[in-house]
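One structure is given below, encoded as structure tokens.
Protein chains: 4
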Amino acid sequence: MDIAMIGLGRMGAGLSRRLMASGHTPFVFDRNQSAIDALASEGARPLADLKDVTQLTPPRAVWVMLPHGEATESTIRALADILSPGDCIIDGGNSYYKDDVARRAFLEPKDIAYLDVGVSGGIWGEREGFCMMIGGPNEEVSRLDPIFAALAPGIGDLPETPGRDGRDPRPAQGYMHCGPAGSGHFVKMIHNGIEYGLMQAYAEGFDILRNAGTAARPEDERFDLDCADIAEVWRRGSVIRSWLLDLSASALAKDQALESFRGHVADSGEARWTLEAAVEEEVSAATIASALFARYRSRRESTFSDKLLSALRAEFGGHIEGGSKSERA
Amino acid sequence: MDIAMIGLGRMGAGLSRRLMASGHTPFVFDRNQSAIDALASEGARPLADLKDVTQLTPPRAVWVMLPHGEATESTIRALADILSPGDCIIDGGNSYYKDDVARRAFLEPKDIAYLDVGVSGGIWGEREGFCMMIGGPNEEVSRLDPIFAALAPGIGDLPETPGRDGRDPRPAQGYMHCGPAGSGHFVKMIHNGIEYGLMQAYAEGFDILRNAGTAARPEDERFDLDCADIAEVWRRGSVIRSWLLDLSASALAKDQALESFRGHVADSGEARWTLEAAVEEEVSAATIASALFARYRSRRESTFSDKLLSALRAEFGGHIEGGSKSERA
Amino acid sequence: MDIAMIGLGRMGAGLSRRLMASGHTPFVFDRNQSAIDALASEGARPLADLKDVTQLTPPRAVWVMLPHGEATESTIRALADILSPGDCIIDGGNSYYKDDVARRAFLEPKDIAYLDVGVSGGIWGEREGFCMMIGGPNEEVSRLDPIFAALAPGIGDLPETPGRDGRDPRPAQGYMHCGPAGSGHFVKMIHNGIEYGLMQAYAEGFDILRNAGTAARPEDERFDLDCADIAEVWRRGSVIRSWLLDLSASALAKDQALESFRGHVADSGEARWTLEAAVEEEVSAATIASALFARYRSRRESTFSDKLLSALRAEFGGHIEGGSKSERA
Amino acid sequence: MDIAMIGLGRMGAGLSRRLMASGHTPFVFDRNQSAIDALASEGARPLADLKDVTQLTPPRAVWVMLPHGEATESTIRALADILSPGDCIIDGGNSYYKDDVARRAFLEPKDIAYLDVGVSGGIWGEREGFCMMIGGPNEEVSRLDPIFAALAPGIGDLPETPGRDGRDPRPAQGYMHCGPAGSGHFVKMIHNGIEYGLMQAYAEGFDILRNAGTAARPEDERFDLDCADIAEVWRRGSVIRSWLLDLSASALAKDQALESFRGHVADSGEARWTLEAAVEEEVSAATIASALFARYRSRRESTFSDKLLSALRAEFGGHIEGGSKSERA
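Following this line, the structure appears as structure tokens:
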């Protein structure tokens, strides 16, 4: 089954390599020739131009793995002109699910199928497999099953979930057909929203542990705790064991004070959209909102909000907070 | 009616002056002789030593107006030895209400009455009157009514609240007998907890207004707004008009960018206790908690929490966030 | 100066009456004839049909005061066909500011001016005046100044804000030209977002006061507090005095237990948009988000979220939470 | 090495059985004779009375596994009179860490060692091993190492954390000496605080997924998602895989609608104390606070807070919210 991978960054290269490891030979393309050459040297089939996706045997499958927004959008528009009826475009990036809905409407009259695939696994996916949440027409999802099966982690050595007899076997392999166009990225968006909440919960907990020796507390209630060991011990048998905890243990083992990090944390969009979806559905997402706002705050030296609080304290109480005396490290 | 004011800081001096303005002649004492002299020069009766409160005609009333914690506690302990059965100690500071409960238990066997009075009004109280929330025995609250009436704002020109006929007239004068020992400071504590929430709501709103011109939004949706004028216009007829808004308008008229403030915001304890009370009562106080945590965050350059988020992003996605490129002013 | 009021609900009728009280004679129109008749009997000039706004002397000013969304949008589209170059449409409802930006773009080629006016004051505005936040071209805002001045509360007996000498005098009268199209509703939207935060802060505080007698606390720390009196006492001299507190005092004086309310709280859109703006600007609005989510939660008997928590507790700890034993009133 | 287990509930019985499976023969005691008999029939040595712990060969180790609070406290007080210098009391329950500090001070003069052990693993620990966080003197922790090693999960098949060479090997076995008395329960408390945050993040995410088909959204953006399959697919390769997700998949596979749960969620204390510690340390714990408050809210039909919001909306806007019309399932 022919497939082309457009975009050979960390994720696109990883997907291509995992396909090759399963016996597939993807066509590969990137704006950056050296990225193409690297994959070609490992056995992939290089494309000199996006237009050359016509080399694939129809019905063609073209997997776009680019930053969401303009890069993805313009590539899909270009592919719509290049491809033929019966072909299929797969967006494996982190697109906004409402864009998927619009794209399906745009591609349907051209009889080009559109799949949106939310992919989780980060830089580890090449080795461990990618978790995939797929939106689009049933027929195409079935046709491309060998591709998804090759990319997915498979059952692995995880204990089977009781009560799944008779259910769709694909989720237990690590990929899932969620519903029509947009549903794949919708589920991936919520996945990332949850990720923000989980990360923030660990972060707050370790912050409290890290500051447990503070002089603000009675002397015999102060503890000088080893966060690296705590992360490690929780990995085994605790209720909060997780892959993110494994990564925390790894980061803290390298540098318990995390001194190489400045603490300005980026956000990549999904938590914003999760919040938007929660608002539209009238569902409370207080924890996820809180996690997103913590990242916003992390990127500011100070805020107008905080300054107004100080200004008000000066107005009603005569408290002066322009200086730095009360600051703690 | 004889009363002594112990502690002549901003609040103690203001209370003394308002008493004098109503024809009372308080005895005054402070560790700082110049504070005593200043009040004495305006007509107050100076005390050379705490012990000299015995000069008051029994039953004596001694109002302690000191920082909560050690200063207040040790002064009340000392007064317990100096005063006589039938006398009364009033704590007008921001004490923790559980300390009031303990003090009543300590003073009861000595037949010394104890009143806890939460006082709001800040540096404006001397002119406008102090809002007082009083805990303690009914008899003492009644006996000291002339003092409370003199300190309170009175009815003023506020419209009367409909439906209060037949109710206790004191709240409409600006003072209230809340219940037994501790209840005055409990009500004042909640007052301050609410204050944190209100301040934070205004602060967040003005922060969004202040940043409404950000390049992150489509060009024709960017606004360069005058926050000083906005605060002013909201003072008249809007649903969110309030005294804190008056103060916001005042602060913003002086300096719309609030550049003299660094944005490190102190907290003085009551919001912490409010949170504790909410937890004990199993009542959600998410907004007040959020306001308190914003102040904690304002005092840190960076947090271990944020650094762990960056560390995790590096672990799972290869994102490097040690640098400063993504920073916004 | 001729003006027509389209929509004679609570707000439209109040605006019309306040205009008449200042000597203006507005034209009035509503889908509901009896609403027109009522205003006409008080001196307004009735319009039999929307098309009859052509009766106004040009340049015409037509104030649309309808529910935001479809009702407002279709009326403005219709007016665009009825009115002539040089006329002006004013949207006084709670429109989404991005809709204003689109409307200006739509009306500009027709040379019809567009003003968006955020109006605060609710059912009290007719008597006390309406606080207005105005977006649109400077020329039109100036031309309509007599209308805005008549509707606004005026300076009233509020103390003047120090430091405003030489500033635009209109905000101190209760109306403000915020900027171009959309800016009026943007400022009103933030006003409402703040309102949500303020209301929630009071609500949480009174909830803690109301439950201060809970048996979950030590017996001598339980208080049976009178929330009506507390709201009343805070009105005088306290830091948290406000119009919303006046209303709280009024509501609690009528019924201290608020038993006539079920506690299902609606939200009308502005807090959602405030949150969206905060997200777009990368400004933390944790308190306002929390207030919005509390309203969502108030409208549900139970949530899937809560059920999953119970399910997880059953899975890892064998805790059974299907029953009702632990419920508190 | 002799050890007695006091308290044979779910956790105490599980610990005893895991000890027996490793070749230990614990003494066992419970108020409930049948609990003793059950364990005795499996090989444990029954104690007829708490006083009979003197049958253990000194230095004795007595593990108390009871509900925190009065049950644990009175048992430890009783043991302090029964045991001899050189013996050791272990509190394996979920005690408040400040109680541990007090207990150490109480037991030290009697030369009885005190260990506080936070134990995670729930009903699964017997089979998979218990994760243990230990506070107390180094000497005792070393002496009891065979007990801890037997109870812990061991390294298992988890990948080793890079960078741990030369570090204490015990955390990688699933137990850790955290520091002096109280530190074990402090770390366990934070563990549980994080657990609340993690659970709430998953819960919010699944709530949004569950409601993705709501009519409040445009028709082509509505999705009817299978939450059981989503939980399952995320188990494999996704960034948010975790043991709590395994349990979510299991619960949802049984009943995707979670209809057997009412959604009244208990909290057991640790999140409250985590919040208290965060407040004392001046560290933001907004996410954990939010998770705790969501549980409080889940247990109420309605709140005074919500009623006040409705009352205010009636006061300023004439909105009536006593009825049930706007309710959603």
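So the sequence lines, in the order shown, correspond to chains W, C, F and B. In short: position in the first sequence from 1, add 39, done, that's the numbering used here. In short: position in the second sequence from 1, add 39, done, that's the numbering used here. In short: position in the third sequence from 1, add 39, done, that's the numbering used here. In short: position in the fourth sequence from 1, add 39, done, that's the numbering used here. Yeah, the Cβ is synthetic: ideal placement off N, Cα and C, and Gly gets one too.
Using a Cβ cut-off of 7 Å (strictly closer), state whether E298/B contacts chain W. As a working mapping, residue 298/B is identified with position 259 in the fourth sequence. No, E298/B lies away from the interface with chain W (no Cβ there is under 7 Å from its Cβ).
Run through the region 96 to 134 of chain B for me and flag every whole beta strand (DSSP E) of 3 or more residues, listed as ranges in chain order. 100 to 103 and 127 to 130
Cutoff 7 Å: Y335/F Cβ touching any chain W Cβ: Walking along the third sequence from the start, residue 335/F turns up at place 296. By this cut-off, Y335/F is an interface position.
For E199/C, tell me which candidate among E315/F, W282/F and S344/F has the shortest Cα-Cα distance. The residue labelled residue 199/C in the question sits at position 160 within the second sequence. Selected option, being the one with the closest Cα: W282/F.
In chain W, what lies closer than 7 Å to G164/B by C-beta? For the purposes of this step, residue 164/B is taken as residue 125 along the fourth sequence, with counting starting at 1. Within 7 Å Cβ-Cβ: G276.
A74/W to V67/W, Cα distance in whole Å? For the purposes of this step, residue 74/W is taken as residue 35 along the first sequence, with counting starting at 1. For the purposes of this step, residue 67/W is taken as residue 28 along the first sequence, with counting starting at 1. C-alpha separation (whole angstroms): 9 Å.
Just mark S337/C as buried or exposed, buried being the case when its beta carbon has 16 or more other beta carbons within 10 Å. Position 298 of the second sequence holds residue 337/C. Under this definition S337/C is a buried residue.
L154/F versus G276/C - alpha carbon distance: Within the third sequence, numbered from 1, the residue matching residue 154/F stands at position 115. Within the second sequence, numbered from 1, the residue matching residue 276/C stands at position 237. Each residue's alpha carbon lies about 20 Å from the other.
A220/C vs R143/C beta-carbon contact at 7 Å: Taking the first residue of the second sequence as position 1, residue 220/C is located at position 181. Taking the first residue of the second sequence as position 1, residue 143/C is located at position 104. Taking 7 Å as the Cβ cut-off, A220/C and R143/C qualify as a contacting pair.
Is the beta carbon of H216/W sitting closer than 7 Å to the one on V180/W? In the first sequence, the residue the question calls residue 216/W occupies position 177. In the first sequence, the residue the question calls residue 180/W occupies position 141. Closer than 7 Å, so yes.
Just the Cα atoms here: how many angstroms apart are I194/F and T326/C? Looking up residue 194/F in the third sequence gives position 155. Looking up residue 326/C in the second sequence gives position 287. Roughly 33 Å between the two C-alpha positions.
What is the rounded straight-line gap between the Cα of I173/W and the Cα of A267/B? Mapped onto the first sequence, residue 173/W falls at position 134. Mapped onto the fourth sequence, residue 267/B falls at position 228. So the two alpha carbons sit approximately 15 Å from each other.
Keeping to the same chain, check which residues put their C-beta closer than 7 Å to that of D150/C; ignore five residues upstream and five downstream. Counted from its first residue, the second sequence places residue 150/C at position 111. Counting only Cβ-Cβ distances below 7 Å, and skipping sequence neighbours, we find P124 and G125.
Through-space distance from G236/W to K227/B, alpha-carbon basis: For the purposes of this step, residue 227/B is taken as residue 188 along the fourth sequence, with counting starting at 1. For the purposes of this step, residue 236/W is taken as residue 197 along the first sequence, with counting starting at 1. K227/B and G236/W have their C-alpha atoms spaced approximately 20 Å apart.
Taking Cβ to Cβ, would you say Y136/C is nearer than 7 Å to E321/B? Along the second sequence, one-based indexing puts residue 136/C at 97. Along the fourth sequence, one-based indexing puts residue 321/B at 282. Cβ atoms of Y136/C and E321/B: not closer than 7 Å.
Quick one: what's P85/B bridged to in DSSP? Locating residue 85/B in the fourth sequence gives position 46, where the first residue counts as 1. Answer by DSSP bridge pairing, in chain order: V67/B.
Counting contacts by CB-CB distance shorter than 7 Å, is A330/C in contact with chain F? Taking the second sequence and counting its residues from 1, one reaches residue 330/C at position 291. Output row for A330/C: interface = yes.
Could you check what DSSP says for S277/W in three-state terms: helix, strand or coil? Taking the first residue of the first sequence as 1, we reach residue 277/W at position 238. Looking at S277/W - three-state DSSP - the assignment turns out to be coil, as it is neither helix nor strand.
By DSSP, does S204/B sit in helix, in strand, or in coil? As a first step, residue 204/B is located in the fourth sequence; it is residue number 165 there, counting from the start. The question names Ser, but residue 204/B is Asp in the sequence shown. Here D204/B sits in coil by DSSP.
If you measure from the beta carbon of N71/F to each beta carbon in chain C, is any gap under 7 Å? Sequence index remark: in the third sequence, residue 71/F carries index 32 (1-based). Output row for N71/F: interface = no.
Would you check if the distance between the CB atom of M104/B and the CB atom of G175/B is smaller than 7 Å? Reading the fourth sequence from its first residue, position 65 is the one you call residue 104/B. Reading the fourth sequence from its first residue, position 136 is the one you call residue 175/B. Against a cut-off of 7 Å, the Cβ pair of G175/B and M104/B comes out as no contact.
For A288/F, the nearest candidate out of L286/B, A350/B, F332/B and A328/B (CA to CA): Here residue 288/F corresponds to residue number 249 of the third sequence, with the count starting at 1. The residue with the shortest Cα to Cα distance from A288/F is A350/B.
What in chain W is Cβ-close to H230/B, meaning under 9 Å? Residue 230/B sits at position 191 when you count from the first residue of the fourth sequence. Result: G244, I269, W273, S277, V278 and I279.
CB G168/W to CB P192/W, shorter than 7 Å? Taking the first sequence and counting its residues from 1, the one referred to as residue 168/W is at position 129. Taking the first sequence and counting its residues from 1, the one referred to as residue 192/W is at position 153. With contacts defined by Cβ atoms closer than 7 Å, G168/W and P192/W form a contacting pair.
Buried or exposed: S134/F, going by 16 or more other Cβ atoms within 10 Å of its Cβ? Taking the third sequence and counting its residues from 1, one reaches residue 134/F at position 95. Buried, because 16 or more other Cβ atoms sit within 10 Å of the Cβ of S134/F.
Name, please, each residue of chain C whose Cβ falls closer than 9 Å to the Cβ of E360/W. The count along the first sequence starts at 1 and reaches residue 360/W at position 321. Here the neighbours are F300, R301, G302, H303, V304 and A305.
According to a CB-to-CB cut-off of less than 9 Å, which residues of the region 212 to 239 of chain C neighbour chain B? Per Cβ criterion, the list is empty.
What does the Cβ neighbour count give for N177/B, buried or exposed, with the cut at 16 atoms within 10 Å? Working through the fourth sequence from its first residue, we reach residue 177/B at position 138. Result: exposed.
C-alpha distance - L331/W paired with I279/W, whole-angstrom precision: As a position in the first sequence, residue 331/W is number 292, starting the count at 1. As a position in the first sequence, residue 279/W is number 240, starting the count at 1. Taking the straight line from one Cα to the other gives about 21 Å.
Given a cut-off of 7 Å, decide if I269/C and G357/W are closer than it, judged by their beta-carbon atoms. The count along the first sequence starts at 1 and reaches residue 357/W at position 318. The count along the second sequence starts at 1 and reaches residue 269/C at position 230. No.
Would you kindly work out how many angstroms separate the C-alpha atoms of E366/C and P97/F, rounded to a whole number? Here the question's residue 366/C lines up with position 327 in the second sequence. Here the question's residue 97/F lines up with position 58 in the third sequence. For E366/C, the predicted structure reports a pLDDT of 31, less than 50, and the residue's modelled location is therefore unreliable. A value from the coordinates is still provided. Between the C-alpha atoms of E366/C and P97/F there is a straight-line separation of about 52 Å.
If L183/C and A100/C are in contact, beta carbons under 8 Å, what's the gap, nearest whole angstrom? By 1-based counting over the second sequence, the position of residue 183/C is 144. By 1-based counting over the second sequence, the position of residue 100/C is 61. About 6 Å; that satisfies the 8 Å criterion.
Identity of the residue in S222/F, I233/F and E298/F nearest G252/C by Cα: Here residue 252/C is taken as the residue at index 213 of the second sequence, counted from 1. Relative to G252/C, the option among S222/F, I233/F and E298/F whose CA is nearest is S222/F.
Show which residues of chain F have a CB atom less than 8 Å away from the CB atom of A325/W. Locating residue 325/W in the first sequence gives position 286, where the first residue counts as 1. Those within 8 Å of A325/W in chain F are A328, S329 and F332.
Return the chain-ordered list of same chain residues with a C-beta closer than 7 Å to the C-beta of H303/F, the five sequence neighbours on each side being excluded. By 1-based counting over the third sequence, the position of residue 303/F is 264. For H303/F, where only same-chain residues beyond five positions count, the Cβ hits under 7 Å are S337 and R338.
Taking CB distances under 7 Å as the criterion, tell me whether T253/F reaches chain C. Taking the third sequence and counting its residues from 1, the one referred to as residue 253/F is at position 214. So yes, T253/F belongs to the interface.
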